[in-house]
Amino acid sequence: MNSLDSHIETVLWTPDQITSRVYELAAEISADLSHLSEPPVLVGVATGAFLFLADLARHIRLPVAVDFIRAESYGCGTESNGAPKISSDLKLDVAGRHVVLVEDIVDSGSTLSCLIAHLESKGASSVSVSTFLDKPSRRKVHFKLLGKGKFYRGFECPDSFVVGYGMDFAELYRNLPYVGVLKPEHYKCQSP
Ligand code: 5GP
Ligand code: MG
Ligand code: MG
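What the sequence shown shows, in the working numbering, is residues 576 to 767, in sequence order.
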């Protein structure tokens with residue numbers, strides 16, 4: 576066991592489980608979007624969605640555009656610190672396009688709600704959400720998808736703070752190829 580793995584208390588999803596579920600999601604999304612007249616835009620929510628977006632995109636059997644957006648509400652803790660802000664916007668023009676927002680995890684729902692409103696203000700014709708994990712028990716904001724958008728999720732996540740497969744604690748652990756829960760002694764904020 577190397578020192579990175581030794582920080583993990585429990586593994587919730589292994590690399591094999593992740594690969595097969597992401598493949599299923601990509602097949603579902605490809606089938607649902609195959610009728611569109613213009614290629615959809617996959618919008619990854621940085622930084623957490625970077626691995627999920629990369630795996631999902633390479634299995635979608637349609638021409639798609641890819642862009643990133645950044646929304647921040649987390650500091651160095653495990654609880655959201657209020658209303659999210661868009662700190663880095665899209666490069667592409669999404670007016671009249673179907674957007675698939677690609678997220679690592681939906682928790683309170685406030686980030687998604689902010690992002691959907693933002694995409695609506697930019698004239699997206701519809702917005703679907705593909706989130707790798709979903710914690711419905713923690714929902715505080717009930718976001719509404721735009722147009723004929725659908726909600727896709729990889730797995731339902733228990734109410735614990737998870738890391739890996741793109742998800743961080745204090746910007747670490749994103750590079751784990753699986754999703755797990757840290758040992759309690761590693762959930763400590765370091766001073767910057
Ligand atoms: P929300 O706005 O839905 O409360 O939170 C959204 C963002 O918070 C997620 O996209 C993710 O970046 C972060 N987040 C929520 N729950 C977790 C978690 O269990 N682990 C990690 N690493 N990030 C989380
Ligand atoms: Mg995220
Ligand atoms: Mg984070």
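Built from N, CA and C at the ideal position, the CB exists for glycine as well.
Count the other C-beta atoms from every protein chain shown that fall within 10 angstroms of the C-beta of F726, then say buried if there are 16 or more, exposed otherwise.
On the sequence shown, position 151 is the one that residue 726 refers to. It counts as exposed.
By the 10 Å Cβ neighbour count, where 16 or more other Cβ atoms means buried, how is E584 classified, buried or exposed?
Position 9 of the sequence shown, counted from the first residue, corresponds to residue 584. By the beta-carbon neighbour count (other beta carbons within 10 angstroms, threshold 16), E584 is exposed.
Is A658 near ligand 2 - that is, is its Cβ less than 7 Å away from at least one heavy atom of it?
By 1-based counting over the sequence shown, the position of residue 658 is 83. Exclusion of A658 from the 7 Å shell around ligand 2 follows from its C-beta lying no nearer than that to any non-hydrogen atom of the ligand.
Closest Cα partner of V751 within the set D642, L694, G623 and V738:
Along the sequence shown, one-based indexing puts residue 751 at 176. According to the sequence shown, residue 751 is Leu rather than Val. Minimum Cα distance to L751 is reached at V738.
Buried versus exposed, by CB contacts within 10 Å (16 or more), T594
Here residue 594 refers to the residue found at position 19 of the sequence shown. It is exposed - the Cβ of T594 has fewer than 16 other Cβ atoms within 10 Å.
Please determine whether the Cβ atom of F627 lies at a distance below 7 Å from any heavy atom of ligand 1.
Walking along the sequence shown from the start, residue 627 turns up at place 52. F627 has its Cβ no nearer than 7 Å to any heavy atom of ligand 1.
Do you know whose CA, among D734, T653 and V674, lies nearest R539's CA?
Not covered by the structure: residue 539. The range shown for the chain is 576 to 767.
Any non-hydrogen atom of ligand 2 within 7 Å of V737 CB:
Counted from its first residue, the sequence shown places residue 737 at position 162. Every heavy atom of ligand 2 is 7 Å or more from the Cβ of V737, so no.
Rounded separation between L608 and D642 - CA only
Locating residue 608 in the sequence shown gives position 33, where the first residue counts as 1. Locating residue 642 in the sequence shown gives position 67, where the first residue counts as 1. L608 and D642 have their C-alpha atoms spaced approximately 18 Å apart.
Straight-line Cα distance separating D580 from S663:
As a first step, residue 663 is located in the sequence shown; it is residue number 88 there, counting from the start. As a first step, residue 580 is located in the sequence shown; it is residue number 5 there, counting from the start. Rounded to whole angstroms, S663 to D580 spans 32 Å at the Cα level.
If you count every other CB in all the chains shown that lies within 10 Å of the CB of K710, and 16 or more means buried, which is it?
On the sequence shown, residue 710 is found 135 positions in, with the first residue counted as 1. With 16 or more other Cβ atoms within 10 Å, it is buried.
Heavy atom of ligand 1 within 7 Å of V681 beta-carbon
Here residue 681 corresponds to residue number 106 of the sequence shown, with the count starting at 1. Result yes, Cβ under 7 Å from ligand 1.
Between G729 and F744, how many whole angstroms is the CB-CB distance? I'm expecting something under 8 Å.
One-based indexing of the sequence shown puts residue 729 at position 154. One-based indexing of the sequence shown puts residue 744 at position 169. That belief does not hold up - the Cβ atoms of G729 and F744 are roughly 20 Å apart, past 8 Å.
With a threshold of 8 Å, are at least 3 pairs of Cβ atoms found where one atom belongs to the segment 598-607 and the other to the segment 632-648?
Output reads yes: the segment 632-648 touches the segment 598-607.
Could you tell me which residues DSSP puts in a beta bridge with E678?
The residue you call residue 678 lines up with position 103 of the sequence shown. T706, per the DSSP bridge assignment.
Can you give me the Cβ contacts of S703 inside the same chain, cut-off strictly under 6 Å, excluding the 5 residues immediately before and after it?
Along the sequence shown, read from residue 1 onward, the residue named residue 703 stands at position 128. A distance below 6 Å between beta-carbons, with the five flanking residues on each side excluded, links S703 to the following residues of its chain, in chain order: V675, G724 and K725.
Alpha carbon to alpha carbon, how far is K763 from H717? Give it in angstroms, no decimals.
Residue numbering aside, residue 717 sits at position 142 when the sequence shown is read from its first letter. Residue numbering aside, residue 763 sits at position 188 when the sequence shown is read from its first letter. Going from the Cα of H717 to the Cα of K763 covers about 30 Å.
Assigned exposure category for T686 - 16 Cβ within 10 Å defines buried
Against the sequence shown, residue 686 aligns to sequence position 111. Buried, by the Cβ-count rule.
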